[in-house]
Each structure stands twice: as structure tokens, then as C-alpha cells.
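*Asks:* Could you have a look at this structure, given as C-alpha cells, before my questions?
In UniProt numbering, the protein residues as written are 1 to 326.
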């Protein structure tokens with residue numbers, strides 16, 4: 001009997017070891033990512049807990065007489081109370097009316113897509129993407145179904161590009177006539193006339209401005225534009241170079257169910273950036289940064305790198321950019 005008990009204990013020990021070995025071990029990166037995600041999702045709660053605890057301790061330490069005195073000092077007449085309540089309610093109403101949260105995007109996705117697995121996949125990607133509620137989709141993608149016309153795509157391009165350039169002109173005091181070099185990059189939207197021609201027409205740039213429009217070069221196009229502007233400034237002394245980088249979302253919304261094509265729907269939002277580069281000596285003092293060097297490499301000879309972002313059609317005929325994991 002003792003020998004059988006020893007055998008049973010040994011079998012139980014081996015089973016426990018097998019079960020423990022089946023439990024997946026989380027790496028340091030996974031633990032850090034999970035902690036960061038929990039912190040972001042519960043930031044407001046974690047911030048309010050110590051504040052409420054401190055207030056509760058302070059209230060318990062005060063006596064009834066002190067609390068009554070504080071309440072009498074905070075009393076307001078009825079008019080002030082109603083005005084304050086109306087202001088709070090009005091501000092909250094304006095905020096919730098203007099705010100279009102992730103829930104609206106997911107509701108539109110459910111109405112557009114017939115595949116619940118695709119909706120669940122996009123929900124998980126949005127939760128982990130790090131995109132906040134301040135990000136925006138273009139107006140054409142708010143329709144059910146989306147209305148990605150050429151006119152809507154141009155409207156989005158004009159909105160984000162002109163807003164970025166206007167902000168740059170206001171901060172730097174740049175005059176449109178002082179722009180000598182213009183470099184614009186947008187990967188997936190390349191209309192005719194080009195986006196650079198649209199900027200020249202809007203701001204009435206000089207006829208001898210050196211204009212370049214880059215497309216189809218992916219996320220590295222911003223760095224490529226900076227490198228191109230630097231090379232041109234090395235040749236043309238005393239010049240200003242305006243670099244504009246954007247990505248137009250309107251014509252690239254994917255309606256299918258392939259996961260590697262659904263990723264851009266969750267990761268890309270409206271936006272543009274405008275940068276002013278100058279090699280004039282009088283601008284050296286007020287420049288925020290100095291461009292020391294730019295390193296460019298091209299991995300197009302590698303098939304995996306060449307197909308890392310690939311625009312194609314799925315089995316149902318919907319076209320989009322494919323972003324595989326590897």
C-alpha cells in the first residue's frame with residue numbers, strides 16, 4: 001500500500017508539473033504592454049481614487065460644527081445656483097454633441113460589414129492602437145455606406161493641408177512669395193492636378209517655385225521629402241523649402257473582411273504636417289532645429305520588404321492596402 005501511495009503521489013506530481021508547463025509564460029514586453037493598457041484605460045479612476053480618499057479623511061477629521069460653517073460659507077442664492085447648473089449642463093451638452101467616440105465608428109462598421117468577426121477584430125485593434133478620442137475620420141467615411149468620391153478626397157486634402165500650412169505661416173511669419181522649394185508627399189491619393197499644384201494655386205506661389213509631388217512611398221515618404229529638400233537647399237543658396245506630409249483617408253476605406261486589409265481602417269486618421277527648412281543665415285537664430293544628417297536605405301530588393309505594404313484587391317473586388325504582420 002505504501003508503495004502504491006508513493007506511486008500515486010509521483011503521478012500527481014508529474015501531472016502538476018505538466019499543467020504548470022502548459023501555462024504560457026508572459027515576457028517582459030507583454031507584461032509592460034498589459035500594464036500600460038490598464039493604466040490608459042483606467043487613468044481617470046486611478047487619478048480620482050487618491051483625491052477622494054484625501055477628501056474623505058479630511059471630512060472625517062472635521063467636526064459637525066466645522067462642516068456646518070463650511071456649508072454656510074459655500075451657500076449661493078438661487079440665481080447663481082441656476083446659472084452655474086445651466087453652464088455646466090450646456091458645456092456637457094456641447095461636448096457630447098461634438099464628440100464622436102469610438103462607439104460611433106464601431107456602430108457604423110457593424111452596419112456596413114456583415115462579418116461579426118471583422119467587427120470584433122477592429123474593436124480589439126482600436127483598443128490597443130493608442131488612438132485617442134481626438135482623432136478624426138473624414139466626413140465621407142461617416143456616411144453609411146461611406147462615400148469615397150474624388151470630390152470628398154480633395155475636400156479632405158484641402159482641409160488638412162491648408163490648415164497645416166496656415167498654422168506654419170502664422171507661427172513663422174512666412175510669406176507665400178518667399179517659398180522657393182515645395183515638396184509634398186501623399187502615398188495613396190495622387191490626383192490630377194497634383195497636391196503640390198493645389199498648394200501653388202491656393203497660396204499663389206511664384207512661377208519659378210521648384211515643386212515636387214511624391215506618392216506611393218509609404219510611411220517613409222516624410223523622411224524622403226526631408227532628404228529631397230535638403231539636397232535642393234545644398235544646391236540653391238538663400239532659399240526656403242516647404243515640406244508637406246499627409247495621408248488622405250477618404251478613398252482608402254476598406255469594406256471587406258480580410259484582416260490584413262482591415263488594419264489601415266483602425267490605424268490611420270486625418271492629419272497633415274508642414275515643415276519649413278531654410279539655409280538663409282538670418283534664419284539660423286530663430287530656427288528650432290538644425291538638420292545635421294539624414295540616413296536613407298531602400299530595401300525594395302527584399303521581397304518581404306517590398307510586399308510589407310501592398311495595395312491590391314481581395315476576392316470580392318474591394319481594393320485596399322494590405323499590411324501583414326510580418
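Note that beta-carbon positions come from the ideal geometry of N, C-alpha and C, so glycine has one too.
1) Is the beta carbon of residue 263 closer than 7 Å to that of residue 323?
2) Taking 8 Å as the cut-off, does the stretch 178 to 193 touch the stretch 202 to 210 (at least 3 CB pairs, one atom from each stretch)?
3) Is there contact between the stretch 245 to 260 and the stretch 145 to 153, where contact requires at least three CB pairs shorter than 8 Å?
4) Under 7 Å between the Cβ atoms of residue 195 and residue 241?
5) Should the stretch 157 to 164 be called in touch with the stretch 265 to 273, which here means at least 3 C-beta pairs below 8 Å?
6) Per DSSP, what kind of secondary structure is residue 196 in: helix, strand or coil?
7) Can you look up residue 209 in the DSSP assignment and give me helix, strand or coil?
8) Going by DSSP, name the residue or residues bridged to residue 58.
9) Out of curiosity, what's the CA-to-CA distance linking residue 21 and residue 320?
10) Classify residue 89 as helix, strand or coil using the three-state DSSP reduction.
11) May I have the straight-line CA-CA distance separating residue 56 from residue 127, to the nearest angstrom?
12) Taking the beta strand (DSSP E) that residue 242 falls in, what are its first and last residues?
13) Beta-carbon separation of residue 257 and residue 221 under 7 Å?
14) How should residue 266 be labelled, buried or exposed, when 16 other C-beta atoms within 10 angstroms of its C-beta is the threshold for buried?
15) In this structure, how does DSSP classify residue 220 when only helix, strand and coil are distinguished?
16) Below 8 Å on the Cβ atoms is my guess for residue 225 versus residue 233; work out the distance and round it to an integer in Å.
17) Taking all protein chains shown into account, decide if residue 189 is buried (16 or more other Cβ within 10 angstroms of its Cβ) or exposed.
18) Kindly indicate which three-state DSSP category residue 323 falls into: helix, strand or coil?
19) Please determine, among 318, 309 and 62, the residue with the shortest C-alpha to C-alpha distance to residue 299.
20) Whole angstroms are fine: how far does the CA of residue 83 sit from the CA of residue 89?
21) Have a look at the DSSP bridge pairing and note the partners of residue 312.
22) Ignore the nearest five residues each way along the sequence and tell me which others in residue 318's own chain have a CB closer than 7 Å to its CB.
23) Can you tell me the Cα-Cα spacing of residue 201 and residue 176, whole angstroms?
24) According to the Cβ coordinates, are residue 249 and residue 157 closer than 7 Å?
25) How would you label residue 313, buried or exposed, when you count the other beta carbons within 10 angstroms and need 16 or more for buried?
26) Please go through the same chain and pick out, in chain order, the residues whose beta-carbon is closer than 6 Å to the beta-carbon of residue 172, but skip the five residues on each side of it.
27) Taking the alpha carbon of residue 306 as the point to measure from, which residue in 217, 237, 292 and 63 has its own alpha carbon closest?
28) Do residue 227 and residue 292 come within 7 Å of each other at the CB atom, strictly closer than that value?
29) Since residue 334 and residue 185 are thought to touch, with beta carbons under 8 Å apart, how far apart are those beta carbons, to the nearest angstrom?
30) Residue 119 lies in the alpha helix (DSSP H); which residues open and close that run?
31) Can you tell me the Cα-Cα spacing of residue 23 and residue 50, whole angstroms?
32) Quick check on DSSP: helix, strand or coil for residue 273?
*Replies:* Short version:
1) Cβ atoms of residue 323 and residue 263: closer than 7 Å.
2) Here the stretch 202 to 210 lies against the stretch 178 to 193, with 3 or more beta-carbon pairs under 8 Å apart.
3) Cβ pair count under 8 Å is three or more, so yes.
4) The beta carbons of residue 195 and residue 241 sit no closer together than 7 Å.
5) Verdict: yes, contact present.
6) Note: residue 196 maps to helix in three-state DSSP.
7) In this structure, residue 209 counts as coil in the three-state DSSP scheme.
8) Under DSSP, residue 58 shares a beta bridge with no residue.
9) Low confidence applies here, because residue 21 scores a pLDDT of 45, under 50, leaving its location unreliable; read the following figure in that light. If I take the Cα positions, the gap works out to 42 Å.
10) The three-state secondary structure of residue 89, taken from DSSP, is helix.
11) Each residue's alpha carbon lies about 34 Å from the other.
12) In this chain, the beta strand (DSSP E) harbouring residue 242 covers 240 to 246.
13) Not in contact: residue 257 and residue 221 (Cβ atoms no closer than 7 Å).
14) By the beta-carbon neighbour count (other beta carbons within 10 angstroms, threshold 16), residue 266 is buried.
15) Residue 220 falls in the helix class under three-state DSSP.
16) 12 Å between Cβ atoms; not a contact.
17) Of the other Cβ atoms in all chains shown, 16 or more fall within 10 Å of the Cβ of residue 189; this residue is therefore buried.
18) Coil, per DSSP.
19) Comparing Cα positions, the closest option is 309.
20) Looking at the two C-alpha atoms, the distance is approximately 10 Å.
21) According to DSSP, residue 312 bridges with 320.
22) Within the same chain, residue 318 has close Cβ partners 254, 255 and 256.
23) Cα to Cα, residue 201 sits roughly 11 Å from residue 176.
24) Not a contact, by the Cβ cut-off of 7 Å.
25) Only exposed fits residue 313, as fewer than 16 other CB atoms lie within 10 angstroms of its CB.
26) These residues qualify, in order along the chain: 276.
27) Answer by Cα proximity: 217.
28) For residue 292 and residue 227, no; Cβs fall outside 7 Å.
29) What the structure shows of the chain is the stretch from 1 to 326, and residue 334 is not part of that stretch, so it cannot be assessed.
30) It spans 116 to 129 - the alpha helix (DSSP H) in which residue 119 sits, taken as one unbroken run.
31) Its pLDDT being 44, under 50, residue 23 is placed unreliably in this model, and the coordinates cannot settle the point.
32) Three-state DSSP puts residue 273 in a strand.
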